Amino acid sequence: MRRYVLVRFSERDEFDIPLDGLEPMPPQAARARLDAQFEANGCTVAQASGKVLTADKLLAIAAAVGAEGFRDAAFARDYARAAAGALDRPVITVDVAAMTTGY
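Residue numbers for the sequence shown, in my numbering: 133 to 235.
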């Protein structure tokens with residue numbers, strides 16, 4: 133089965149990041165990486181409960197770094213490995229334009 137993360141900013145700015153041959157990060161390392169990126173990029177998510185879900189973190193990080201951030205192959209690969217490790221799903225779609233995350 134093909135494993136990948138798709139990050140969409142617009143119809144012209146889509147990044148299909150394959151994980152073929154790459155292992156997802158272990159769950160704890162993945163969550164730590166996403167937490168660090170979330171804070172480093174000054175991300176915030178308004179949740180009434182005060183909790184920030186992993187899907188919200190993925191969306192907020194993608195929005196913060198923008199399409200330019202995903203043109204950096206190393207960043208895109210690490211983001212995809214962290215997403216796959218944290219969510220344990222083979223296919224993840226982060227649609228910044230629609231503000232949705234699906235898996």
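Using N, Cα and C, we set each Cβ at its ideal position, and we do this for glycine too.
In this text, all values refer to a predicted model and were calculated from it rather than measured experimentally.
query, result
"May I ask you to list the residues that DSSP assigns as paired with residue 138?", "148, 225"
"Here's the rule I'm using: 16 or more other beta-carbon atoms within 10 Å means buried, otherwise exposed. How should residue 176 be labelled?", "exposed"
"When burial is assigned at 16 or more other CB atoms within 10 Å of the CB, is residue 231 buried or exposed?", "exposed"
"Which residue marks the beginning of the alpha helix (DSSP H) containing residue 174, and which one marks its end?", "Premise fails: residue 174 is in no alpha helix (DSSP H) and is neither H nor E."
"With 16 as the cutoff for other CB atoms within 10 Å, does residue 215 come out buried or exposed?", "buried"
"Using DSSP's beta-bridge definition, name the partner residues of residue 232.", "227"
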